[in-house]
Every structure is written in C-alpha cells, then in structure tokens.
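Heads up: the sequence shown is residues 0 to 400, going by numbering that gives the first Met the number 0. A virtual CB, placed ideally from N, CA and C, is assigned to each residue, including glycine.
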Amino acid sequence: MHHFDPSTEIQDYLVFGEYGDVNPSITDSSTYTFLNPKTMEELFEHEKEGCFLYSRHWNPTNKYLADALARLEDTEAAIVTASGMGAISAVVFQLCSSGDEIISSRTIYGGTYALFKNFLPKFGIKVHFVNITDLNSVKSLVNEKTKIIYTEAISNPLLEIADIPKLSEISKANNINLVVDNTFSPIFITPKHLGADIIIHSLTKFINGTSDCVAGCVCSTKEFISQLTDINSGASMLLGPVLDSYRAASILKNLHSLHIRMKKHSENAQYIAERLSELGIKVFYPGLKTHKGHQLLNEIMNEGFGYGGMIAIDAETTEKANELMTLMQQEKVGYLAVSLGYFKTLFSSPGHSTSSEIPEEERKEMGLSDGLIRFSMGLDNNIEKTFERIKKCLIAVGLIK
Ligand code: PLP
Numbered sequence: 000m001h002h003f004d005p006s007t008e009i010q011d012y013l014v015f016g017e018y019g020d021v022n023p024s025i026t027d028s029s030t031y032t033f034l035n036p037k038t039m040e041e042l043f044e045h046e047k048e049g050c051f052l053y054s055r056h057w058n059p060t061n062k063y064l065a066d067a068l069a070r071l072e073d074t075e076a077a078i079v080t081a082s083g084m085g086a087i088s089a090v091v092f093q094l095c096s097s098g099d100e101i102i103s104s105r106t107i108y109g110g111t112y113a114l115f116k117n118f119l120p121k122f123g124i125k126v127h128f129v130n131i132t133d134l135n136s137v138k139s140l141v142n143e144k145t146k147i148i149y150t151e152a153i154s155n156p157l158l159e160i161a162d163i164p165k166l167s168e169i170s171k172a173n174n175i176n177l178v179v180d181n182t183f184s185p186i187f188i189t190p191k192h193l194g195a196d197i198i199i200h201s202l203t204k205f206i207n208g209t210s211d212c213v214a215g216c217v218c219s220t221k222e223f224i225s226q227l228t229d230i231n232s233g234a235s236m237l238l239g240p241v242l243d244s245y246r247a248a249s250i251l252k253n254l255h256s257l258h259i260r261m262k263k264h265s266e267n268a269q270y271i272a273e274r275l276s277e278l279g280i281k282v283f284y285p286g287l288k289t290h291k292g293h294q295l296l297n298e299i300m301n302e303g304f305g306y307g308g309m310i311a312i313d314a315e316t317t318e319k320a321n322e323l324m325t326l327m328q329q330e331k332v333g334y335l336a337v338s339l340g341y342f343k344t345l346f347s348s349p350g351h352s353t354s355s356e357i358p359e360e361e362r363k364e365m366g367l368s369d370g371l372i373r374f375s376m377g378l379d380n381n382i383e384k385t386f387e388r389i390k391k392c393l394i395a396v397g398l399i400k
C-alpha cells in the first residue's frame, strides 16, 4: 500500500475568478489580445507563463483543469482533450512515426483496440497485442522500433491488474515510454509513482462522474506536455482535440468530489461483489481475495479509496446476460448502458470487442465468457436494496435458486 493521497493535493489547489469568485472564471474566447506584437511572436516560439495565444493551443480554463489533474497524478504537467480517445491518439501520434512499434495489452478498451488494430497500420505503425500480465512475452517483443508499452492499470473487462513496476523496469531498460490508461482507477492508483511515463484518462468516466460530457487528459513531464502542445509539431495542437472551456470548468468542479465518490463506488462494489460471490455467482472484483490481481493491487494502490467501482459477473450465456440486464433495468438496479463512473449503476455486456486476440482456450481459462456483464457500481446509499433487486433478477433468469 502507498500512503500518497491525491485528494489532499487537489484540496490544496485553490484558484480564484476575476472578482475573487470561488470558481475560476470561464474563458469565453478563442483568441487573446497582445499589447505588443513582439510578445505574440515570442509565444510562437515557446510558452510564456500567463500568456495565451489561441484556445486550441491553450486556454486559461483548460489550464486550471489540467493543473488540477497534474496534481491528481503527481506529474509535472498535464493537458486536457475533448475525449479520452483524443488523448490516446495524440500521445500515439506524438511518439510514433511510420515503422515504429507498440506493445499493447490485448485487454484494453474497445475503441483503443480498434484504433491500434485498424487505424494505426494505415500510418505504418505496428501494434503487438500481448497478455500484459505475462512479462516474458512483453520482453520478447521489445526491439529497437518499440516506442510505447501500452496498458490499462486495471483491464477491461476482467479487471486484471497490470504490474506497472515490472513493466516500467522493461520500459526503462529499453528507453521506451510506458503509457498507462488510468481511467478505471483514478485516485487509488498513481501510475507515476510506479514508474509510468505518461498517464491517460477518459475524464468522461469517474473523474467527471455525471455522464454528461466526453473529455480526456494526458499527465506527464513538462517536456512531453510541451511537445504535445508545440505550435509547429505538437499532436494536440495540430490534430485539434481541444476541450471546450465550459466543460473544463464543470469537470473541475466535479473533480473536487472525486475522493468521496471513489470511496462510495468502491464500498458499494465491494458489498455487491461479496454478496454475489456468496450466492455462488462467478464474480471478478479486485477487492475479493479470490481475484488473481488482489495481492498485486494491495501492493501498488493508495490506501483509503477501496478497490474501485467496476465488477464483472459471468451470466454464462449471451442470452442469459441479455435477459438479466433487461430485467435489472426494469427493476431499477441501474441503466443498461455502456460507459462507467456514473452516480447510477451502469451495466453492459462487453462482447467480443477486444477478445478476438485471445485464443478460445485461453479465453475460457481467463473466464472471458460470452455471458460476461460489466457493472459500474453507482453511489446508492441503500446498497442492500440494490442487492436484493439484483438477487431477484438472478432468480428470475435461473442463475440462482
Ligand atoms: N479508456 C478507457 C479505459 C475507456 O473505458 C474509454 C471509454 O470508454 C476510453 C479510454 C475512451 O474515452 P472517451 O470515450 O472519453 O474517448
């Protein structure tokens, strides 16, 4: 366990608006005036503290949110983007040229997988998909063209835990960037402390927490963030995934309650995972002692925020999973919807989007069944009632008696 508390870092982040407003003023401009054309010229060359040129490059509201996110991840700097995918693609295009290679976990978010599998080859970038928990296979793929080792801290949908410290040993020994998507585990995993070079979030999920917008971020060194935002060669500047400042302002407000929400998401997920296990349901939750990654997560996590809000259960077949999800929505357990990190419970069937890399036999061994249902547990205060509702649905579809 680590004793770092990202919420204290955010607690200490106080910024004021133009008139001492307790929330910083929202930038309502795409462009900025200069008293002196020389200053404008200088800004084309390098950043100047407190000076803004054009809102796709940087704007004050996005800077406030980015600074708060750098505190969350304890990195020197951060940028915000219009989506998690915007963050991921900017990082990949910044680091890779035609002919370069990426070693990626095979159990990643379906959109990232599709980008890597279907889109990057158009630019001559090759991605090797691996079982990221098998460090020898990661090592065996490293060569002089490898630019990135890419993983999610907690994988989708089985919630496997990446051994970030060990992956970082491999990446550091070979001068490769270790890029970690920390979307499932904000606040309770701090990848930088474990050796990650670049941390990505889809802010759309737990960090914003209200499922009302799409956004992302990259947290890293000042040097890398400057590269991303470089006016002449930066992927975030030139590909243009800029977040709207109104959204940045609302996400920043929500970020201040992230620690409370994560504790409650985790508490509810732990409760449901334990109760469902007792009923004999096959449950994947890293907070359960029976989970493969439980011990590793204990070693790398920050204390005090639990094991996260995500659970997967095995409903055996696609038909049963569909029946169960339809019933759970009718019984007001939550919504049958993709995404995660909302204050209401969301559930969906992860399907086969990322598992096509995995041979049938291994899929079985891992527990990657067609009947898998992924839950993002909400903030219900009466979680006992939620459990009783889920139990009623499990009985109705014949998964338990
Ligand atoms: N990373 C993970 C782990 C995700 O679950 C998602 C979205 O579902 C993304 C990245 C992409 O983020 P966005 O939808 O904000 O582009």
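* Asked: Is any heavy atom in the ligand PLP found nearer than 8 Å to the beta carbon of L398?
  -> Residue 398 sits at position 399 when you count from the first residue of the sequence shown. For the ligand PLP, not one heavy atom lies less than 8 Å from the Cβ of L398.
* To do: Please look up how many angstroms separate the CB atoms of H200 and C216, rounded, as I've assumed it's under 8 Å.
  => Mapped onto the sequence shown, residue 200 falls at position 201. Mapped onto the sequence shown, residue 216 falls at position 217. At roughly 5 Å, the Cβ-Cβ gap stays under 8 Å, so H200 and C216 are in contact.
* Backbone secondary structure at Y284 - three-state DSSP -> To locate residue 284, count along the sequence shown from 1; it is residue 285. It is coil, neither helix nor strand.
* CA-to-CA distance, R373 to F249, given in whole angstroms -> For the purposes of this step, residue 249 is taken as the residue at position 250 of the sequence shown. For the purposes of this step, residue 373 is taken as the residue at position 374 of the sequence shown. Note on identity: in this sequence residue 249 is Ser, with Phe being the wrong assignment. For S249 and R373, the distance between alpha carbons rounds to 27 Å.
* Spatially closest choice to Q10 from G308, L254 and D243, by CA coordinates -> Locating residue 10 in the sequence shown gives position 11, counting from the first residue. With distances taken between Cα atoms, Q10 lies closest to L254.
* Per DSSP, which one or two residues make a beta bridge with N301? -> One-based indexing of the sequence shown puts residue 301 at position 302. For N301, which the question treats as bridged, DSSP gives the partners H1.
* Where F128 sits in the DSSP three-state scheme -> Indexing the sequence shown from 1 puts residue 128 at position 129. Strand at F128.
* Closer than 8 Å: is that where the CB of F183 sits relative to any heavy atom of the ligand PLP? -> What you label residue 183 is simply residue 184 of the sequence shown in a count that begins at 1. The answer is yes for F183.
* Asked: Taking the runs of the beta strand (DSSP E) that are 3 residues or longer, which of them lie wholly in the stretch 24-80?
  -> 76-80
* Asked: Just checking, does the stretch 99-116 make contact with the stretch 144-154 on the three C-beta pairs under 8 Å criterion?
  -> yes
* Which partner residues does C218 have in the DSSP bridge list? -> Taking the first residue of the sequence shown as 1, we reach residue 218 at position 219. Paired residues: A77 and I198.
* For the 8 Å Cβ check, are there 3 or more pairs between the stretch 328-342 and the stretch 288-299? -> no
* Please indicate yes or no: does the CB of K204 lie closer than 8 Å to some heavy atom of the ligand PLP? => The residue labelled residue 204 in the question sits at position 205 within the sequence shown. Yes - the ligand PLP has a heavy atom lying nearer than 8 Å to the Cβ of K204.
* Is the stretch 110-120 in contact with the stretch 132-142, if contact means three or more CB pairs nearer than 8 Å? -> no
* To do: Inspect the CB distances between the stretch 121-132 and the stretch 87-98 and report whether three or more fall short of 8 Å.
  => yes
* Asked: With 16 other CB atoms within 10 Å as the buried threshold, where does S232 fall?
  -> Residue numbering aside, residue 232 sits at position 233 when the sequence shown is read from its first letter. Burial call: exposed.
* Asked: At a cut of 8 Å, does the stretch 299-319 reach the stretch 368-382 through at least three beta carbon pairs?
  -> yes
* To do: Determine the contact status of L157 and G366, defining contact as a CB-CB distance below 9 Å.
  => Here residue 157 refers to the residue found at position 158 when the sequence shown is read from its first residue. Here residue 366 refers to the residue found at position 367 when the sequence shown is read from its first residue. Cβ distance < 9 Å, so L157 and G366 count as in contact.
* **CA nearest to the CA of N381, picked from K343, V129 and K221** => Here residue 381 is taken as the residue at index 382 of the sequence shown, counted from 1. Checking every option, the nearest Cα to that of N381 belongs to K343.
* **Close beta carbons around S347, own chain, < 7 Å, minus the five adjacent residues each side** => The residue labelled residue 347 in the question sits at position 348 within the sequence shown. Once the five neighbours on either side are set aside, the close Cβ partners of S347 are L335, A336, V337 and R373.
* Give the range of the beta strand (DSSP E) segment to which S103 is assigned. => On the sequence shown, position 104 is the one that residue 103 refers to. Looking at the DSSP string, the run of the beta strand (DSSP E) that includes S103 is E100 to S104.
* Asked: Assuming I163 and A152 make a contact with CB atoms under 8 Å, what is their CB distance in whole Å?
  -> As a position in the sequence shown, residue 163 is number 164, starting the count at 1. As a position in the sequence shown, residue 152 is number 153, starting the count at 1. Confirmed, about 7 Å.
* What are the partner residues of E151, as DSSP defines its beta bridges? -> Here residue 151 is taken as the residue at index 152 of the sequence shown, counted from 1. Answer is D180, bridged to E151.
* Would the beta-carbon of L242 fall within 9 Å of that of A77? -> Taking the first residue of the sequence shown as 1, we reach residue 242 at position 243. Taking the first residue of the sequence shown as 1, we reach residue 77 at position 78. In this structure, A77 does not lie closer than 9 Å to L242 by Cβ.
* Have a look at the DSSP bridge pairing and note the partners of F342. => For the purposes of this step, residue 342 is taken as residue 343 along the sequence shown, with counting starting at 1. Looking at the DSSP assignment, F342 forms no beta bridge with any residue, so it has no partner.
* Between the beta-carbon of M261 and the beta-carbon of P185, is there less than 9 Å? -> The residue given as residue 261 occupies position 262 in the sequence shown. The residue given as residue 185 occupies position 186 in the sequence shown. Yes, Cβ-Cβ distance for M261 and P185 is below 9 Å.
* Do I197 and L177 have their C-beta atoms within less than 9 Å of each other? -> Along the sequence shown, one-based indexing puts residue 197 at 198. Along the sequence shown, one-based indexing puts residue 177 at 178. Yes. Within cutoff.
* Asked: Do E75 and I299 have their C-beta atoms closer together than 9 Å?
  -> Along the sequence shown, one-based indexing puts residue 75 at 76. Along the sequence shown, one-based indexing puts residue 299 at 300. Cβ distance not < 9 Å, so E75 and I299 don't count as in contact.
* So, helix, strand or coil for A311, using DSSP? -> Residue 311 sits at position 312 when you count from the first residue of the sequence shown. If DSSP states are grouped into helix, strand and coil, A311 belongs with the strands.
* Asked: What first and last residue would you give for the alpha helix (DSSP H) that runs through F92?
  -> Within the sequence shown, the letter at position 93 stands for residue 92. Taken as a continuous stretch (DSSP letters only), the alpha helix (DSSP H) holding F92 covers G83 to L94.
* **Three-state class that DSSP yields for S347 in the structure shown** => Here residue 347 is taken as the residue at index 348 of the sequence shown, counted from 1. In the structure shown, S347 sits in a strand (DSSP, three-state: E or B).
* Look at the alpha carbon of L68 and the alpha carbon of Y12, and state the distance between them as a whole number of angstroms. => Residue numbering aside, residue 68 sits at position 69 when the sequence shown is read from its first letter. Residue numbering aside, residue 12 sits at position 13 when the sequence shown is read from its first letter. About 10 Å.
* Nearest CA to the CA of E383: which residue from T209, A268, P358 and E364? -> Counted from its first residue, the sequence shown places residue 383 at position 384. It is A268 whose Cα lies nearest to the Cα of E383.
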